[in-house]
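Please read the structure below before turning to the comments.
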Ligand code: GCV
């Protein structure tokens, strides 16, 4: 079979050469999805006749960026850039601009009234008797977004006739959160060190920052938090603010606003004050002056992101004040400048004996309505911490008076670091499409975070970046898809992540159907495979202590109970799982009544979340008729089988893309298969010791005894936290 596929691939390469297509050549992933490599001859010919002239001015930095991108893209895709012109003289002109900037566009009388600042239309039109395509925004940034969309049509081989596209972002703030430290390390980063070269900034501004801005603008990301939420107060000193301002200057033409993570105790650490009490007038004055200083340097500064009273970070509770008091301190000093506060809801207390999954809700729900208008509460997708699968956070739908911002993790802290191929689209989609039932059926998480459910104009979605200094930006070519899908969903949370995967593959690798189809399937199945080989049936938090690498369901080395895997799985001789029903921690009742009713009932709880909500005996009968113990072993085994299949699928695709990216993915899939086997075997060995049951017939025993897995230790694991 493999030979058959290789032969076919070889024939296709020869065919490509005879059709004048560029042969696949070595690449390093730097170009991301903006590759603009020559299209197949027939498609290029079709596109050339519809992009024969470019009418676009460069009078502002943003329109200059749009024009440069169109020229760059068309040159790459079609072999030559179309000539620039001031007017339409032939069929096939591309006209890009705003009604105000272009008399030609004004002539079209397009209705742009509903586009807002960032929306755009791409329309097939007739101008001066010639067929043309107009890319029109109300504002320059819409023109840039529309230009990227137009290029995407070419990159993915779409027809260019009868275009009538209107796009308006559904979410206002679409933000990448970098967990980058000022010393160059990246917390939970697996793609090298920080791309911000703080030491050389602001004097040396790497051209890479422009490519970073291009990539973000191409998917509609309009904000970047430069530094880790475990923040260093130094970021607010004049020297660092100058550096941040240099980055803001690069990002400005691309519609990207800079935000900073701030440390609550900064007035003490760099301001010389004795307190950081949010109600202290001196503290308020300090923050006001600091904020004014920032806006002098960056007039379009976005605002602050704050992690407070969480995992050892300082916060308002140190002064017996509430999270609302803390957030409003920043809201008030940012408001005159139009800035926002993104206040994180990721809190759980060292001293609380309550279920960690309940604590964010318990803390924040009573504060609904107490935050000032420019505060967004940034909530992780699940109640614990970016596990391979969690139910949606019960805060979604529970705080109608507060804009809730989604926080997804793009970097794969709990999903195999850089090397495992796990496409996060299905995870994001599962969360966004979950129905909170807060206001009856259809109150999905997506409608909470886009502001439509509760009528909030302010809305946002944040993703923890997976970007570093690696040439491929993200530590692997397939990790780029997670950056991509995050941006596309932030623009429109209702998009299909299968469709997004397909467009990403076409732009990143190839339009060849024989390549696209199996790779889409592989990506779409990859998240469930990871759930199966790591934490099936609602298990969570089984990974190694601190570094989070590999399985360690037995580990009790860390000081806090809620940092130890046994806290989460609660396996013993009788059964396994965390009882979060009314007989247990009662976390289920934090959801709206119909959802709570199903999570409280073991028979109604989806089996994918069974052990999240219920402690059940090992011989519990699953819907399949098998026992829980059987299903657990079957899921772990399925995960490994799925990864093996992914590796084999990739093996059959040798020859469709350049050798370097092919080989790297092949090597990473081998690592993933080995580590999936390790996860399966270690977890089965451990849970078998708990259950005392024999392995169900037909399943291979773990390759090693439990003591072997328990003895493994790891040094210099990347991405370790800084606190
Ligand atoms: C930035 C988890 C991670 C930490 C991270 C924290 C957070 O605990 O392991 O590295 O810290 O989440 O989101 O604040």
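Numbering (mature numbering (1 follows the signal peptide of the UniProt record, and there is no 0)), first residue to last: -26 to -1, 1 to 697. For every residue, glycine included, the Cβ atom is placed at its ideal position computed from N, Cα and C. These numbers come from a predicted model, not from an experiment.
Bounds of the alpha helix (DSSP H) holding residue 261 are 255 to 271. Per DSSP, the unbroken alpha helix (DSSP H) holding residue 475 starts and ends at 471 to 482.
Distances from the CB of residue 415 to the heavy atoms of the ligand GCV are all 8 Å or more. When the beta-carbon positions are compared, residue 640 and residue 628 come within less than 9 Å of each other.
Residue 382: member of the beta strand (DSSP E) spanning 378 to 383, first to last residue. Here the stretch 318 to 334 makes contact with the stretch 546 to 565; the two share three or more CB pairs at distances below 8 Å. Taking 8 Å as the cut-off, the C-beta of residue 529 does not count as close to any heavy atom of the ligand GCV. One Cα belongs to residue 487, the other to residue 493, and the distance between them is close to 10 Å. Remark: fewer than three beta-carbon pairs, one from each stretch, lie closer than 8 Å, so the stretch 309 to 317 and the stretch 567 to 577 are not flagged as touching.
Within 10 angstroms of the beta-carbon of residue 4 lie fewer than 16 other beta-carbons, which makes it exposed. By the neighbour-count criterion, in which 16 or more other beta carbons inside 10 Å mark a residue as buried, residue 530 falls on the exposed side. Collapsing the DSSP output to three states places residue 317 in a strand. Per DSSP, residue 396 has no beta bridge partner at all. If you check the CB distance, residue 48 and residue 28 come in under 9 Å. In this structure, the ligand GCV has a non-hydrogen atom nearer than 8 Å to the beta-carbon of residue 359. By the Cβ criterion, the stretch 387 to 404 is in contact with the stretch 151 to 165, since at least three pairs of Cβ atoms, one from each stretch, lie closer than 8 Å. Contact between residue 43 and residue 137 is ruled out by a C-beta separation of about 18 Å, above the 8 Å threshold.
Per DSSP, the unbroken beta strand (DSSP E) holding residue 278 starts and ends at 277 to 280.
The count of Cβ pairs closer than 8 Å, one atom from the stretch 574 to 587 and one from the stretch 470 to 484, stays below three, leaving the stretches out of contact. Apart from the 5 residues on each side of it in sequence, residue 249 sits with its Cβ closer than 8 Å to the Cβ of 241, 242, 256, 257 and 293 in its chain, given in chain order. Linking residue 112 to residue 227 through their CA atoms gives a straight-line distance of about 15 Å. Taking 8 Å as the cut-off, the C-beta of residue 202 counts as close to a heavy atom of the ligand GCV. Following the DSSP letters along the chain, one finds residue 455 inside the alpha helix (DSSP H) bounded by residues 454 to 465. Two segments are said to touch when three or more pairs of C-beta atoms, one from each, lie closer than 8 Å; by this definition the stretch 229 to 241 touches the stretch 190 to 199.
Here the stretch 264 to 273 does not lie against the stretch 134 to 154, with fewer than 3 beta-carbon pairs under 8 Å apart. In summary, residue 61 is exposed, with fewer than 16 beta-carbon neighbours lying within 10 Å of its beta-carbon over all protein chains present. Linking residue 45 to residue 617 through their CA atoms gives a straight-line distance of about 41 Å. Looking only at 650, 656, 323 and 605, the smallest Cα-Cα distance to residue 672 is reached by 605. Using a cutoff of 8 Å, the CB of residue 162 counts as near the ligand GCV, since one of the ligand's heavy atoms is closer than that.
The beta carbon of residue 657 is closer than 7 Å to those of 516, 525, 527 and 610 in its chain, skipping five residues each way along the sequence. In the structure shown, residue 498 adopts helical secondary structure according to DSSP, grouped into three states. Residue 35 sits exposed, since fewer than 16 C-beta atoms from the chains shown fall within 10 Å of its C-beta.
Distances between the C-beta of residue 153 and the heavy atoms of the ligand GCV include at least one below 8 Å. Remark: the C-beta of residue 320 is in contact range of the ligand GCV, defined as less than 8 Å to any heavy atom.
The three-state secondary structure of residue 352, taken from DSSP, is strand. For the options 510, 537 and 281, the alpha carbon positioned closest to that of residue 522 is the one of 537.
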